[in-house]
Amino acid sequence: MTEQIDVDFDDEGVTRVADVPGGVLVGHDGSECAQEALQWAARLAARAGFPLHVLRAWKITTAPRPATWAPGYVPPFEDFEKAVWADLEADVVAAALDPALSVTCHVTHGTAVRGLIESAVRADLLVVGARGRGGFAGLVLGSVSDQCVRHAPCPVTVVRTGTGAAPAGA
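Going by full-length UniProt numbering, the sequence shown wraps up at 170, each residue one higher than the last.
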C-alpha cells in the first residue's frame with residue numbers, strides 16, 4: 001500500500017528530511033486531529049490527481065519501543081525509526097483511504113516543525129491538523145500548525161477536529 005523513502009540522513013543514520021517531489025504532504029502525529037487531516041488531504045489529493053505523502057516526525061522520547069528493545073539494552077536509532085514507520089503505516093491503513101491513491105509514508109528524526117517545513121520544499125500543499133498530541137488542549141491552534149502556517153515554503157491548510165471527515169453522501 002505505501003512506500004518508504006529515505007532521503008537526507010543525519011549523523012545517527014536515520015532520515016532527517018523526506019523527499020516530497022510534489023503533491024500533498026500531510027503531517028501525522030497519531031492524534032485524532034491528524035487522522036482527520038489525513039482523510040481530508042487524501043480526498044483532496046485524489047480529486048486533484050496528486051500523490052499523497054504522510055510524514056511523522058519523531059524523537060527518541062516520542063518513538064514507540066522497537067521490537068529489539070530489552071531492559072539494559074538501547075536499540076540503534078534505525079530500530080526506533082522502523083517502529084515509528086510501522087505505527088504511521090498502521091494509522092494510514094486505519095484511515096481506509098482510496099486504494100487508487102498513491103500514498104507514501106515518511107518518517108523524519110527531529111522536531112515536527114523542522115521535519116514538515118524542510119520536507120515541504122517541493123510539495124504543492126502542506127496539510128496539518130489544528131491540534132496535535134502536545135501542549136494545551138484549550139488552544140485553537142497548536143504550535144506546530146502555527147509555525148507551519150508562518151514558515152512553510154508552500155501553501156498550508158489547517159484542518160480542525162470535526163471538519164476532516166467526509167460529509168454524508170460524499
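Just so you know, even glycine gets a beta-carbon here, dropped at the ideal spot from N, CA and C.
At the C-beta level, G13 and D87 stay beyond 8 Å of one another.
Distances from the CA of R122 to each of Y73, E32, P64 and A152 were compared; the closest alpha carbon is that of A152.
In the DSSP annotation of this structure, the continuous segment of the alpha helix (DSSP H) that includes G115 starts and ends at A112 to S119. Exposure of R150 is indicated by the presence of fewer than 16 other C-beta atoms within 10 angstroms of its C-beta. The closest CA to that of L25, considering only L52, K59, R114 and A130, is found on L52. A90 sits away from P66, with the two beta carbons spaced by 8 Å or more. The DSSP assignment places no complete run of the alpha helix (DSSP H) inside the region 46-84 (cut-off: 4 residues).
DSSP places R160 in the coil class of the three-state scheme, outside both helix and strand. For T15, the closest C-alpha among the options A57, V144 and G72 is that of A57. In this chain, H28 is not harboured by any alpha helix (DSSP H), its DSSP state being neither H nor E. Linking E78 to A70 through their CA atoms gives a straight-line distance of about 15 Å. DSSP links V149 through a beta bridge to no other residue. P99 and V92 have their C-alpha atoms spaced approximately 11 Å apart. Per the DSSP secondary-structure output, G129 pairs in a beta bridge with V159.
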